[in-house]
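S.K.:
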Amino acid sequence: MKQRIGFFLSIALLTAYVAGAQAPSGYTAGYIIGPDQVKIEGFVKEKFKSKAGIEFQTVAGKKSTYAASDLQEVGIAADRYITYKDDFFKQLLSGTRITVFQKVSDASGKVIYNGSQAVGVSAGTDGALADYFFRKSGGAGLTWVSKKNLSQTLAVFFADCSTLAEQVKKDTPAYGTVPELAAQYNQCP
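FYI, in my numbering the residues of the sequence shown are 8 to 196.
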């Protein structure tokens, strides 16, 4: 009898623990990293396209809204997003030579506040939603990979991999193949 009570009690406690760890409706488990480099676990609701921001709820239930300028990194499920010049960028590929990001927000024209006082308007970053950006290993900024002059941009980035640089100069690749080309570049001897 004591074993049954103990069994049912442990099932009830386990169920309560799992229920407490589930994401609220509309949120996904994730984390944020602020300018202080502190990682906070919780739940994230992305609003990249509509507001160029996110809503974050801590495990304790406290909700906050953040713009890209308030954060350095956001993790949503298995995806990693970095912030750069008021916009969010999804990391598509990480390599030894180059990392590929895709723009997922557009903060241009968004009013910037200091508390309740408007202090300016964001210029955002170059490029449109879904455009690719490169970051060389050890680099800090992002470089827009423009559709307009794709071959020239890739040839410059891939200059130290002669076979790949010649390939992109000779045949203009499709824009959608940029992550695959970057993966080849990361494998170049």
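Virtual Cβ for every residue (Gly too), placed ideally from N, Cα, C. A quick note: this is a predicted structure, and the numbers were derived from the prediction, not measured.
1. According to the Cβ coordinates, are Gln-79 and Thr-90 closer than 9 Å?
2. With contact counted as at least three CB pairs below 8 Å, one residue from each stretch, are the stretch 167 to 182 and the stretch 142 to 149 in contact?
3. So, at 7 Å on beta carbons, what are the nonlocal neighbours of Ile-83 in its own chain, with the 5 sequence-adjacent residues on each side left out?
4. Might you give, ordered along the chain, the residues of its own chain that have their beta carbon closer than 7 Å to the beta carbon of Thr-179, omitting 5 neighbours on each side?
5. Starting from the C-beta of Gln-191, find all residues in its chain whose C-beta is less than 7 Å away, skip the five residues before and the five after it, and write them out in chain order.
6. Could you tell me how far apart the beta carbons of Phe-140 and Val-152 are, in whole angstroms, since I believe they sit closer than 8 Å?
7. Select from Val-81, Cys-168, Ala-137 and Ala-166 the residue whose C-alpha is nearest the C-alpha of Thr-184.
8. Please list, in chain order, all residues of the same chain as Gly-33 whose beta carbon is under 7 Å from its beta carbon, the five residues on each side excluded.
9. Excluding the 5 residues flanking Ser-101 on each side, which residues of the same chain have their C-beta closer than 6 Å to its C-beta?
10. Leaving out five residues on either side along the sequence, give the residues of the same chain with a beta carbon under 8 Å from the beta carbon of Lys-56.
11. Less than 9 Å separating the beta-carbons of Ile-105 and Ala-189?
12. When you compare only the Cα positions, how much space is there between Ile-39 and Lys-155?
13. Assign Asn-156 to one of three DSSP states: helix, strand, or coil.
14. Going by the DSSP bridge assignment, what does Asp-93 pair with across the sheet?
M.R.: This is what the structure holds:
1. The sequence position of residue 79 within the sequence shown is 72, counting from 1. The sequence position of residue 90 within the sequence shown is 83, counting from 1. The answer is yes: Cβ separation under 9 Å.
2. no
3. Your numbering for residue 83 matches position 76 in the sequence shown. Here the set comprises Thr-35, Gly-37, Val-51 and Glu-53.
4. Your numbering for residue 179 matches position 172 in the sequence shown. So the list reads Leu-157 and Ser-158, once near-sequence residues are dropped.
5. The residue you call residue 191 lines up with position 184 of the sequence shown. These residues qualify, in order along the chain: Leu-171.
6. For the purposes of this step, residue 140 is taken as the residue at position 133 of the sequence shown. For the purposes of this step, residue 152 is taken as the residue at position 145 of the sequence shown. Sure, about 6 Å apart at Cβ, within 8 Å.
7. Indexing the sequence shown from 1 puts residue 184 at position 177. Checking every option, the nearest Cα to that of Thr-184 belongs to Ala-137.
8. What you label residue 33 is simply residue 26 of the sequence shown in a count that begins at 1. Same-chain partners within the cutoff: Lys-52.
9. For the purposes of this step, residue 101 is taken as the residue at position 94 of the sequence shown. Cβ neighbours of Ser-101 beyond the five flanking positions: none.
10. Looking up residue 56 in the sequence shown gives position 49. Excluding residues within five positions, the ones whose Cβ falls inside 8 Å are Val-111, Ser-112, Asp-113 and Leu-136.
11. Taking the sequence shown and counting its residues from 1, the one referred to as residue 105 is at position 98. Taking the sequence shown and counting its residues from 1, the one referred to as residue 189 is at position 182. Contact flag set, yes.
12. In the sequence shown, residue 39 corresponds to position 32, counting from 1. In the sequence shown, residue 155 corresponds to position 148, counting from 1. So the alpha carbons of these two residues sit roughly 34 Å apart.
13. Numbered from 1 along the sequence shown, position 149 holds the residue referred to as residue 156. Coil at Asn-156, not helix or strand.
14. Position 86 of the sequence shown, counted from the start, is the residue given in the question as residue 93. None; Asp-93 has no bridge partner.
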